[in-house]
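Trainee: Supplied in structure tokens, the structure appears directly below.
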């Protein structure tokens with residue numbers, strides 16, 4: 003886990019945030035959101051997807067619409083961000099549903115009969131009640147493929163010192179700078195943890211044993227072996 007901040011442009015020091023170590027500075031987030039939103043408006047205008055009814059009809063012209071967009075950049079946008087109620091663990095659990103799972107898990111599939119697929123779904127509009135739905139196989143595949151990313155897209159994208167091209171060298175550099183700047187390591191050198199010689203083949207960072215699995219646990223989690231259980 004890397005603390006808030008970033009590597010300097012010369013790569014010689016770690017820059018800590020000036021204020022609290024919030025994940026996304028609100029002012030920076032507001033500018034990024036403004037840029038993304040205006041860029042989306044430009045694309046929609048070029049494709050003819052925008053409608054200008056009533057008093058907005060004057061914006062149909064290309065020059066008029068461009069002048070309108072320029073005004074949006076002359077004022078600050080307000081983006082409201084605050085820590086999650088459930089804590090960071092709740093956010094990670096929520097995002098994991100989209101980054102590490104498929105559109106529908108196996109236990110929600112009930113049956114496939116005569117070209118009809120029956121599955122369970124959760125009705126959030128009525129107290130999150132679990133209900134059943136039956137659709138044709140073609141309709142089920144259509145809905146499933148809506149969750150497949152287009153070509154060239156990935157679920158998780160890294161940038162900066164975590165980018166694929168530079169993380170092998172810069173991540174190790176960040177870890178070295180943080181270890182040197184750590185006040186805990188300076189005040190308690192005798193309590194410092196020994197450096198592991200077991201390094202990650204991808205990022206180059208030190209690996210730590212979190213848990214040791216028994217042979218039975220490996221069999222339970224390995225497809226094709228006796229005792230395997232699909233918990234997806």
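In my numbering, the protein residues as written are 3 to 234. Every residue gets a Cβ at the ideal spot worked out from N, C-alpha and C, and that includes glycine. Since the model is a prediction, treat every value here as computed from it, not as a measurement.
What three-state label does DSSP hand residue 52 in the structure shown?
Mentor: Coil.
Trainee: Figure out for me which residue from 88, 84, 212, 170 has the closest Cα to the Cα of residue 31.
Mentor: Residue 31 has its Cα closest to that of 84, out of 88, 84, 212, 170.
Trainee: By the 10 Å Cβ neighbour count, where 16 or more other Cβ atoms means buried, how is residue 176 classified, buried or exposed?
Mentor: It is buried - the Cβ of residue 176 has at least 16 other Cβ atoms within 10 Å.
Trainee: Between which two residues does the beta strand (DSSP E) carrying residue 211 extend?
Mentor: Careful: residue 211 lies outside any beta strand (DSSP E) and carries neither H nor E.
Trainee: Going along the chain, which unbroken runs of the beta strand (DSSP E) with 3 or more residues stay wholly within the region 131-187?
Mentor: Listed in chain order, the complete beta strand (DSSP E) runs (minimum 3 residues) inside the region 131-187 are 131-138.
Trainee: What whole-angstrom Cβ distance do residue 61 and residue 54 have, given they're in contact under 8 Å?
Mentor: Yes, they are in contact, since the Cβ atoms of residue 61 and residue 54 sit about 5 Å apart, within 8 Å.
Trainee: Quick check on residue 142: buried or exposed, where buried means 16 or more other Cβ atoms within 10 Å of its Cβ?
Mentor: Buried is the call here.
Trainee: Is there contact between the region 133-142 and the region 113-124, where contact requires at least three CB pairs shorter than 8 Å?
Mentor: Output reads yes: the region 113-124 touches the region 133-142.
Trainee: Answer yes or no: do residue 9 and residue 162 have a C-beta to C-beta separation smaller than 9 Å?
Mentor: Cβ atoms of residue 9 and residue 162: closer than 9 Å.
Trainee: Between the beta-carbon of residue 151 and the beta-carbon of residue 157, is there less than 9 Å?
Mentor: Yes.
Trainee: Going by Cα to Cα distance, which pick from 100, 132, 123, 170 is closest to residue 2?
Mentor: For the chain, the structure presents residues 3 to 234; residue 2 sits outside this window and is missing.
Trainee: Whole angstroms are fine: how far does the CA of residue 211 sit from the CA of residue 218?
Mentor: The alpha-carbon atoms of residue 218 and residue 211 are separated by roughly 19 Å.
Trainee: Terminal residues of the continuous alpha helix (DSSP H) containing residue 101?
Mentor: It spans 90-101 - the alpha helix (DSSP H) in which residue 101 sits, taken as one unbroken run.
Trainee: Among 106, 173, 121, 164, which has the Cα closest to the Cα of residue 149?
Mentor: Checked all of 106, 173, 121, 164; the closest Cα to residue 149 is 106.
Trainee: For the beta strand (DSSP E) that residue 1 lies in, which residues bound it at each end?
Mentor: This structure does not reach residue 1, given that the chain is present from 3 up to 234, and the question cannot be answered.
Trainee: For residue 11, report the span of its alpha helix (DSSP H) as first-last.
Mentor: Taken as a continuous stretch (DSSP letters only), residue 11 belongs to no alpha helix (DSSP H), as it is neither H nor E.
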